[in-house]
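Q:
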Ligand SMILES: Cc1cc2nc3c(=O)[nH]c(=O)nc-3n(C[C@H](O)[C@H](O)[C@H](O)COP(=O)(O)OP(=O)(O)OC[C@H]3O[C@@H](n4cnc5c(N)ncnc54)[C@H](O)[C@@H]3O)c2cc1C
């Protein structure tokens with residue numbers, strides 16, 4: 072099979088690109104290869120992630136530059152979701168709830184107040200609220216709490232809880248409607264990619280494919296494939312599994328805690344489950360594991376191949392974990408997954424949000440939570456924040472820790488521009504239409520009040 076473009080990976084990143092290419096370009100033929108029997112089953116599945124559309128407003132570890140970038144991409148997903156909902160009001164890909172970041176105690180409150188003076192401008196719908204309003208919106212935060220404890224929160228009504236697995240299916244459904252030449256190969260595992268004179272040969276368990284250009288959006292497996300082609304040699308992966316605890320309905324919306332600045336993970340939060348508001352999920356934890364894919368023990372050897380067996384990655388790990396803050400954080404998080412003691416330690420974190428929650432009310436959520444491929448840069452010996460993109464000759468590799476689901480369309484936009492260039496502009500990208508549909512906010516979404524200065528489809532199964 073020969074295609075102009077082949078996408079490896081049918082998660083939310085790969086399918087967002089399939090949608091963008093089919094709806095906004097005139098690309099001749101596009102193939103998407105996915106190793107499982109269906110799309111969206113790995114990190115994009117609703118059971119595997121925190122289901123949050125991250126904009127950067129309540130993520131206190133983001134810089135303003137990072138927040139601006141994430142917001143542009145999250146706005147695209149928001150506009151896509153809202154447009155789909157308008158076409159079909161029974162669509163249950165997402166729910167909309169309030170969303171806040173909660174500061175507990177004077178130190179956190181001071182940091183949040185200062186943050187608001189900068190972030191309030193970028194997010195005009197974000198409001199700073201005190202104890203009374205926090206109590207009105209989320210009574211469980213106040214009940215049983217020391218009345219002298221200072222509380223402050225930044226809140227917005229625009230909290231999106233998204234089933235990114237369903238979103239992946241929606242992208243594929245709409246890509247098929249475009250009537251372009253699309254082939255989706257399910258249960259097809261890429262074993263090797265080879266460079267050939269006219270592009271790439273992709274060897275799978277179900278035969279060989281050829282493409283002029285390739286995008287690998289296979290989560291942490293992307294780095295393994297990149298390394299086999301000589302790219303990303305200075306990178307390793309720290310695979311950070313995230314687990315959750317569930318409890319009864321105690322919160323109306325999303326409540327995030329404040330994150331430590333140098334940590335590249337979203338802070339622990341509590342929020343209603345996307346398909347059952349009577350369940351509150353608390354988490355995620357962050358525990359290093361030696362697998363590329365969670366619950367997939369056969370990915371152990373692939374993990375080490377990707378990590379690299381030389382001294383450089385070991386030195387990086389030693390340097391990263393010699394930071395007291397990171398070391399303590401990792402140790403604490405490993406304990407959260409232990410039987411008996413884990414639940415008791417994590418309860419302390421949950422009680423920072425809901426003080427009266429009881430031990431018997433919370434349960435460790437088995438087989439819930441995927442793993443985030445955090446990038447270790449072996450040149451700087453630092454953990455990198457967010458997603459990584461390696462651009463090679465006519466090939467792109469996307470490695471997507473959080474908030475990779477929120478940035479799927481922004482990522483697809485960038486990849487589409489590069490792909491048109493890779494294919495010598497034989498095809499064109501209708502950027503204006505993409506931006507009209509998904510970037511420019513319609514008037515009703517603009518702030519009403521003045522901005523607060525301060526503040527074809529072949530399917531094989
Ligand atoms: C605990 C946790 C919480 C998170 N919370 C959030 C959140 O709230 N908001 C957010 O935006 N992001 C969140 N994320 C991150 C988000 O889930 C991921 O960034 C996103 O799902 C990545 O999508 P993807 O398509 O790149 O990868 P995946 O969904 O993992 O898809 C990759 C696909 O590639 C396929 N594949 C792999 N290897 C091969 C091969 N050799 N051949 C063929 N196919 C292959 C896989 O089967 C898979 O279907 C969270 C992640 C975790 C683990």
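In this note's numbering, the protein residues as written are 72 to 532.
C-beta atoms are modelled at their ideal positions from N, C-alpha and C, and glycine is treated no differently.
Being a predicted model, the structure only gives us computed values, none of them experimental.
Does the distance between the C-beta of residue 160 and the nearest non-hydrogen atom of ligand 1 fall short of 8 Å?
A: Here residue 160 corresponds to residue number 89 of the chain shown, with the count starting at 1. Checking the Cβ of residue 160 against ligand 1 gives no.
Q: As a quick exercise: from 490, 412, 155, pick the residue whose alpha carbon is nearest that of residue 245.
A: Counting from 1 along the chain shown, the entry for residue 245 is found at position 174. Nearest option by C-alpha distance: 155.
Q: Taking DSSP as the reference, what is the three-state secondary structure of residue 472?
A: Taking the chain shown and counting its residues from 1, the one referred to as residue 472 is at position 401. Note: residue 472 maps to coil in three-state DSSP.
Q: Going by DSSP in three states, residue 331 sits in which element: helix, strand or coil?
A: On the chain shown, residue 331 is found 260 positions in, with the first residue counted as 1. Note: residue 331 maps to coil in three-state DSSP.
Q: Looking at residue 366 and ligand 1, is the gap between the Cβ and the nearest heavy atom below 8 Å?
A: Along the chain shown, one-based indexing puts residue 366 at 295. No - ligand 1 has no heavy atom lying nearer than 8 Å to the Cβ of residue 366.
Q: Kindly indicate which residue of 451, 414, 420 has the alpha-carbon position closest to the one of residue 385.
A: Numbered from 1 along the chain shown, position 314 holds the residue referred to as residue 385. The residue with the shortest Cα to Cα distance from residue 385 is 451.
Q: I believe residue 404 touches residue 462 by the beta-carbon criterion, under 8 Å. Please report the beta-carbon distance rounded to the nearest angstrom.
A: The residue you call residue 404 lines up with position 333 of the chain shown. The residue you call residue 462 lines up with position 391 of the chain shown. Incorrect: roughly 33 Å between the Cβ atoms, too far for contact.
Q: Does ligand 1 have a heavy atom nearer than 8 Å to the CB of residue 361?
A: In the chain shown, residue 361 corresponds to position 290, counting from 1. The answer is no for residue 361.
Q: Report the rounded CA-to-CA distance for residue 292 versus residue 373, giving the unit in angstroms.
A: Looking up residue 292 in the chain shown gives position 221. Looking up residue 373 in the chain shown gives position 302. Taking the straight line from one Cα to the other gives about 8 Å.
Q: In whole angstroms, give me the CA-to-CA distance for residue 302 and residue 272.
A: Position 231 of the chain shown holds residue 302. Position 201 of the chain shown holds residue 272. For residue 302 and residue 272, the distance between alpha carbons rounds to 17 Å.
Q: Does the beta-carbon distance from residue 120 to residue 346 come in below 9 Å?
A: On the chain shown, residue 120 is found 49 positions in, with the first residue counted as 1. On the chain shown, residue 346 is found 275 positions in, with the first residue counted as 1. Cβ distance not < 9 Å, so residue 120 and residue 346 don't count as in contact.
Q: Our contact map puts residue 98 next to residue 498 with C-beta atoms below 8 Å; I'd like the distance itself, whole angstroms only.
A: In the chain shown, counting from the first residue as 1, residue 98 sits at position 27. In the chain shown, counting from the first residue as 1, residue 498 sits at position 427. Yes, they are in contact, since the Cβ atoms of residue 98 and residue 498 sit about 5 Å apart, within 8 Å.
Q: Check whether the Cβ of residue 398 lies closer than 8 Å to any heavy atom of ligand 1, and answer yes or no.
A: The sequence position of residue 398 within the chain shown is 327, counting from 1. Distances between the C-beta of residue 398 and the heavy atoms of ligand 1 are all 8 Å or more.
Q: Cβ of residue 119 versus every heavy atom of ligand 1: is any distance shorter than 8 Å?
A: Position 48 of the chain shown, counted from the start, is the residue given in the question as residue 119. Correct: residue 119 has its Cβ closer than 8 Å to ligand 1.
Q: Measuring from the CB of residue 443, is there a heavy atom of ligand 1 at a distance below 8 Å?
A: Sequence index remark: in the chain shown, residue 443 carries index 372 (1-based). Checking every heavy atom of ligand 1 against the Cβ of residue 443, one is found closer than 8 Å.
Q: Could you compute how far the alpha carbon of residue 332 sits from the alpha carbon of residue 138?
A: Translated into the one-based positions of the chain shown, residue 332 becomes position 261. Translated into the one-based positions of the chain shown, residue 138 becomes position 67. Straight-line Cα distance between these residues: approximately 13 Å.
Q: On the criterion of 16 or more Cβ atoms from any shown chain inside 10 Å, does residue 482 qualify as buried, or is it exposed?
A: Mapped onto the chain shown, residue 482 falls at position 411. Residue 482 should be labelled buried.
Q: Please list the segments of the beta strand (DSSP E) lying wholly inside the region 253 to 338, counting only runs of 3 or more residues, in order along the chain.
A: List check, beta strand (DSSP E) in window: 261 to 267, 270 to 275, 278 to 287, 306 to 312, 316 to 319, 325 to 328.
Q: Taking residue 328 and residue 84 to be in contact with their CB atoms under 8 Å, please state how far apart those CB atoms are, rounded to whole angstroms.
A: As a working mapping, residue 328 is identified with position 257 in the chain shown. As a working mapping, residue 84 is identified with position 13 in the chain shown. The Cβ separation is near 28 Å, so there is no contact.
Q: Could you give the residue range of the beta strand (DSSP E) that holds residue 352?
A: Working through the chain shown from its first residue, we reach residue 352 at position 281. Per DSSP, residue 352 belongs to the beta strand (DSSP E) from 347 to 354.
Q: Could you name the residues of the same chain whose beta carbon sits closer than 6 Å to that of residue 198, not counting the 5 residues immediately before and after it, in chain order?
A: As a first step, residue 198 is located in the chain shown; it is residue number 127 there, counting from the start. Non-local beta-carbon contacts of residue 198 in its own chain, meaning distances under 6 Å to residues more than five positions away in sequence, involve 226 in chain order.
Q: Rounded to the nearest angstrom, how far is the Cβ of residue 468 from that of residue 487, given a contact under 8 Å?
A: Stepping through the chain shown from its first residue, residue 468 is reached at position 397. Stepping through the chain shown from its first residue, residue 487 is reached at position 416. About 16 Å separates the two Cβ atoms, so there is no contact after all.
Q: Does at least one heavy atom of ligand 1 sit under 8 Å from the Cβ of residue 534?
A: Any property of residue 534 remains undetermined from this structure, which presents the chain solely from 72 to 532.
Q: Taking only the alpha-carbon atoms, compute the straight-line gap between residue 400 and residue 311 and give it to the nearest angstrom.
A: Translated into positions along the chain shown, residue 400 becomes position 329. Translated into positions along the chain shown, residue 311 becomes position 240. Distance between the alpha carbons of residue 400 and residue 311 is about 12 Å.
Q: Please work out which residues of its chain come closer than 8 Å, Cβ to Cβ, to residue 282, disregarding the five sequence neighbours upstream and downstream, and give them in chain order.
A: For the purposes of this step, residue 282 is identified with residue 211 of the chain shown, where counting begins at 1. The answer, listed in chain order, is 73, 74, 75, 76, 77, 102, 270, 271, 273.
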